[in-house]
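What follows is a set of notes on a single structure, which appears directly below.
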Amino acid sequence: MKDFKEIIAKKLEEKELGLGYKEIYDLIEIPPQENMGDFAFPCFTLAKTMRKNPKLIAEEVASSLEIDGVEKIVNENAYVNFYLDRQKVTNDVINEVIEKEDDYGKSDMGKGINELVEFSSVNIAKPFHIGHIRSTVIGDVIRNIYEYLGYNVTASNYIGDYGTQFGVMIAAYKLWGDKEAIDKDPINELLNLYVRYTKEEEDNEEYQEKARQEFKNLEDGEEEAMRLWQWFKDLSLREFDRVYGMLDIKYDNYHGESYHSQWMPAALEELKEKNLLVESDGAYIVDLSEFNLPPSMLIKSNGSSAYITRDVATALYRHRTYGLDKNIYIVGSQQKLHFQQLKKILYLMGHEDVSEEVLHVQFGMVSLKDQVLSTRKGHVVFLEDVLNKTIEKTYSIMKDRDNQIENLDEAAKIVGIGAVKFQELYNSRIKDYVFDWDELLNFEGETGPYVHYTYARAKSVLRKAGKEEFGQMNFEKLNTDEEYSLIKALESFQDAIILAKNRLEPSVVARKVMEIAQKFNKFYNSTQILVDDEKLKEERLALTKATSIVIKNGLGILGIKTVEQM
Ligand code: ARG
Numbered sequence: 001m002k003d004f005k006e007i008i009a010k011k012l013e014e015k016e017l018g019l020g021y022k023e024i025y026d027l028i029e030i031p032p033q034e035n036m037g038d039f040a041f042p043c044f045t046l047a048k049t050m051r052k053n054p055k056l057i058a059e060e061v062a063s064s065l066e067i068d069g070v071e072k073i074v075n076e077n078a079y080v081n082f083y084l085d086r087q088k089v090t091n092d093v094i095n096e097v098i099e100k101e102d103d104y105g106k107s108d109m110g111k112g113i114n115e116l117v118e119f120s121s122v123n124i125a126k127p128f129h130i131g132h133i134r135s136t137v138i139g140d141v142i143r144n145i146y147e148y149l150g151y152n153v154t155a156s157n158y159i160g161d162y163g164t165q166f167g168v169m170i171a172a173y174k175l176w177g178d179k180e181a182i183d184k185d186p187i188n189e190l191l192n193l194y195v196r197y198t199k200e201e202e203d204n205e206e207y208q209e210k211a212r213q214e215f216k217n218l219e220d221g222e223e224e225a226m227r228l229w230q231w232f233k234d235l236s237l238r239e240f241d242r243v244y245g246m247l248d249i250k251y252d253n254y255h256g257e258s259y260h261s262q263w264m265p266a267a268l269e270e271l272k273e274k275n276l277l278v279e280s281d282g283a284y285i286v287d288l289s290e291f292n293l294p295p296s297m298l299i300k301s302n303g304s305s306a307y308i309t310r311d312v313a314t315a316l317y318r319h320r321t322y323g324l325d326k327n328i329y330i331v332g333s334q335q336k337l338h339f340q341q342l343k344k345i346l347y348l349m350g351h352e353d354v355s356e357e358v359l360h361v362q363f364g365m366v367s368l369k370d371q372v373l374s375t376r377k378g379h380v381v382f383l384e385d386v387l388n389k390t391i392e393k394t395y396s397i398m399k400d401r402d403n404q405i406e407n408l409d410e411a412a413k414i415v416g417i418g419a420v421k422f423q424e425l426y427n428s429r430i431k432d433y434v435f436d437w438d439e440l441l442n443f444e445g446e447t448g449p450y451v452h453y454t455y456a457r458a459k460s461v462l463r464k465a466g467k468e469e470f471g472q473m474n475f476e477k478l479n480t481d482e483e484y485s486l487i488k489a490l491e492s493f494q495d496a497i498i499l500a501k502n503r504l505e506p507s508v509v510a511r512k513v514m515e516i517a518q519k520f521n522k523f524y525n526s527t528q529i530l531v532d533d534e535k536l537k538e539e540r541l542a543l544t545k546a547t548s549i550v551i552k553n554g555l556g557i558l559g560i561k562t563v564e565q566m
């Protein structure tokens, strides 16, 4: 559809109101109530420049404007309200959705622009726990949003497979390891070792030293340390693959901390050359006091590298490898300081461009009702268990809803996993939230199942009518407010995706999908679709079809599949 906001802004500019195009454009609003038109232009700002009563100005502007495709222009107090030609909007929107189908809402605005999205980044030899759901799902959707808009995206899983904790794992295995037990239940056994060692190590200097030494051995390429590390890694990745499989999330690469450490020596060399490394008790730090940040330790006193050292090397590597617009890290807000330091170190190195492209996308915490989550203490809730439990619960709810669903197993998986994802994505990412099964599986709430159900309902109407394919048509009969309101929601789908991209905020898309589902249900409940009037019936069916397409596309961006029956 034509961009009427643009057209209206241009026409207003021609009126020489003393405001530029951009100012006018930014002032134009979407009225809060649908009976107040499609766009509104407030005249308060003009009152100052024109020294006139704003209501009078609105009246004059409204009566002197005429715009093709805008049916009515009237003032309401100090606002000029624009009512589009509904017939035309209806034709444009439904025909476009039906014609473009899977491509509706897509854009090529990102053509030739490279983005890297790093997300999930779980740690080897540790559980993939419920806390990881956030980065995993939010990151996947941010990647999808970019792709939908035509950007070239690299999805990277920065696996945590390096660092002192691997020293802990190796030292613990050498002391108490049981190969058979680990092969049987890898993650739990490795976790037990880790928890046991960190407990022992707490007030045992010797154990602490041993763990540090083992990591040093690993960095130095000592054979036994390397062998154990590789084994832990293989075991873990196999487990993780299962969870990513359940979530249907794919990566372009799993380049983790160890992979990038090959570029650490060069990065450290450069830091040294630029006189940025300062010795402090045998360790080397970068002083960040000029930015009011604590110093950052890049080389530990035993010579081994740190988490931040690998990130410096990684950021430089990504920059030269991918030619990035942005290097996006989907990581919890606990690591805010880490990324602030990273940016400043890159800046001090003279890589302002690399520093600029680093973008930390933060999110709040997830907690499970009545449970504290901490890997160190071993209070872990595995994400896989949460997903399986959700699928089971979904299965039994769907079974009870006396519906004859073919392949209920498969449907319960899609709806269950979708419910988890939808709950994750529905609120703005920075908010903390409590994981609650009753809420996320409430079929009547603002939930994934509600959207799934709406989609299935639309598809079932089409099946019942025996008409599922539509060509371009001339709409003449859709004239209720419910229909128009739904059509407008379909029309604004792409705007929501673009806004979500600009704010790196998946909830904007989730909320648009919810709005469409709610408006469809309003239409469905207030309007008979299968009426005797064949033309009217066909038009309502086409609107139903268009709705199903947009819901499907929206869920697709959210990483959620659809089910045909529910
Ligand atoms: N593996 C880390 C963790 O679990 C997150 C990695 C974040 N990404 C990064 N480039 N530092 O805390």
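338 is the number that UniProt numbering gives to position 338 of the sequence shown; each next residue is one higher, with no gaps. In this text, a Cβ means the ideal position worked out from N, Cα and C, and glycines have one as well.
Nearest to residue i (by Cα), restricted to the options the options
{"i": "Leu218", "options": "Asn152, Ala283, Thr164, Glu270", "result": "Thr164"}
{"i": "Ile73", "options": "Gly37, Ile94, Val93, Asn327", "result": "Gly37"}
{"i": "Thr314", "options": "Glu279, Ser355, Leu277", "result": "Ser355"}
{"i": "Met343", "options": "Ile308, Ile299, Tyr146, Thr454", "result": "The sequence given here has Lys at residue 343, not Met. Taking only the C-alpha atoms, the option nearest Lys343 is Ile308."}
{"i": "residue 591", "options": "Thr527, Ser107, Val461", "result": "Outside the shown range of the chain, which is 1 to 566, sits residue 591, and nothing can be said about it."}
{"i": "Glu14", "options": "Ile397, Glu66, Arg401, Ser485", "result": "Glu66"}
{"i": "Arg540", "options": "Ile145, Ala411, Thr90", "result": "Thr90"}
{"i": "Leu17", "options": "Ser64, Pro32, Asp68", "result": "Ser64"}
{"i": "Leu191", "options": "Gln33, Lys88, Lys126", "result": "Lys126"}
{"i": "Lys519", "options": "Gln528, Ile487, Ser492, Ile498", "result": "Ile487"}
{"i": "Ile498", "options": "Ile142, Pro31, Lys389, Thr454", "result": "Ile142"}
{"i": "Leu440", "options": "His338, Lys393, Phe39", "result": "Lys393"}
{"i": "Leu268", "options": "Met297, Asp248, Lys233", "result": "Met297"}
{"i": "Glu505", "options": "Ile145, Gly105, Lys5, Leu277", "result": "Ile145"}
{"i": "Asp140", "options": "Lys250, Arg238, Val70, Pro186", "result": "Lys250"}
{"i": "Glu446", "options": "Glu476, Leu462, Glu515", "result": "Glu515"}
{"i": "Asp325", "options": "Met1, Glu214, Gly112, Asp436", "result": "Gly112"}
Cβ-based neighbour list, residue i, same chain, cut-off 8 angstroms, excluding 5 preceding and 5 following
{"i": "Ala496", "result": "Val508, Val509, Arg511, Lys512"}
{"i": "Glu23", "result": "Thr45"}
{"i": "Lys55", "result": "Cys43, Asn75, Asn77, Ala78"}
{"i": "Asn427", "result": "Tyr433, Ser507"}
{"i": "Leu193", "result": "Met169, Ala172, Tyr173, Trp176, Gly177"}
{"i": "Gln472", "result": "Asn95, Ile98, Glu99"}
Proximity test, residue i beta-carbon vs the ligand ARG heavy atom, cut-off 6 angstroms
{"i": "Asp161", "result": "no"}
{"i": "Asn123", "result": "yes"}
{"i": "Asp311", "result": "yes"}
{"i": "Tyr254", "result": "no"}
{"i": "Tyr426", "result": "no"}
{"i": "Tyr317", "result": "no"}
{"i": "Tyr453", "result": "no"}
{"i": "Tyr244", "result": "no"}
{"i": "Tyr158", "result": "yes"}
{"i": "Val358", "result": "no"}
{"i": "Val513", "result": "no"}
{"i": "Val420", "result": "no"}
{"i": "Val331", "result": "yes"}
Own chain partners of residue i with C-beta closer than 7 angstroms, once the 5 adjacent residues on each side are dropped
{"i": "Glu209", "result": "none"}
{"i": "Ile560", "result": "Gly418, Lys421, Phe422, Gly448"}
{"i": "residue 567", "result": "Nothing in the structure corresponds to residue 567, since the chain is present only between 1 and 566."}
{"i": "Glu412", "result": "Position check: residue 412 holds Ala in this sequence, whereas Glu was assumed. Cβ neighbours of Ala412 beyond the five flanking positions: Ile391, Thr394, Tyr395, Met398."}
{"i": "Asn521", "result": "Thr454"}
{"i": "Thr49", "result": "Gly18"}
Same chain, Cβ closer than 6 angstroms to residue i, neighbours up to 5 away in sequence not counted
{"i": "Ile7", "result": "none"}
{"i": "Gly364", "result": "Ile430, Lys431, Asp432"}
{"i": "Asp252", "result": "Thr154, Ala155"}
{"i": "Glu118", "result": "Ser156, Tyr158, Tyr329"}
{"i": "Gln565", "result": "Ile405, Ala456"}
{"i": "Gly323", "result": "Asn114"}
{"i": "Lys216", "result": "Asn302, Ser304"}
Proximity test, residue i beta-carbon vs the ligand GTP heavy atom, cut-off 6 angstroms
{"i": "Val381", "result": "For the structure depicted, the ligand GTP is absent and the ligand set comprises only the ligand ARG."}
Cutoff 7 angstroms: residue i Cβ touching any chain D Cβ
{"i": "Thr562", "result": "No chain D is part of this structure, which consists of one protein chain only."}
Cβ pair count under 8 angstroms reaching 3, the stretch 79 to 86 against the stretch 292 to 301: no
Sufficient close CB pairs (3 or more, under 8 angstroms) joining the stretch 240 to 250 to the stretch 167 to 180: no
Three or more C-beta pairs below 8 angstroms linking the stretch 176 to 189 and the stretch 153 to 160: no
Touching by the beta-carbon criterion (3+ pairs, under 8 angstroms), the stretch 317 to 333 and the stretch 125 to 143: yes
Contact the stretch 266 to 280 vs the stretch 193 to 203: 3+ CB pairs below 8 angstroms: no
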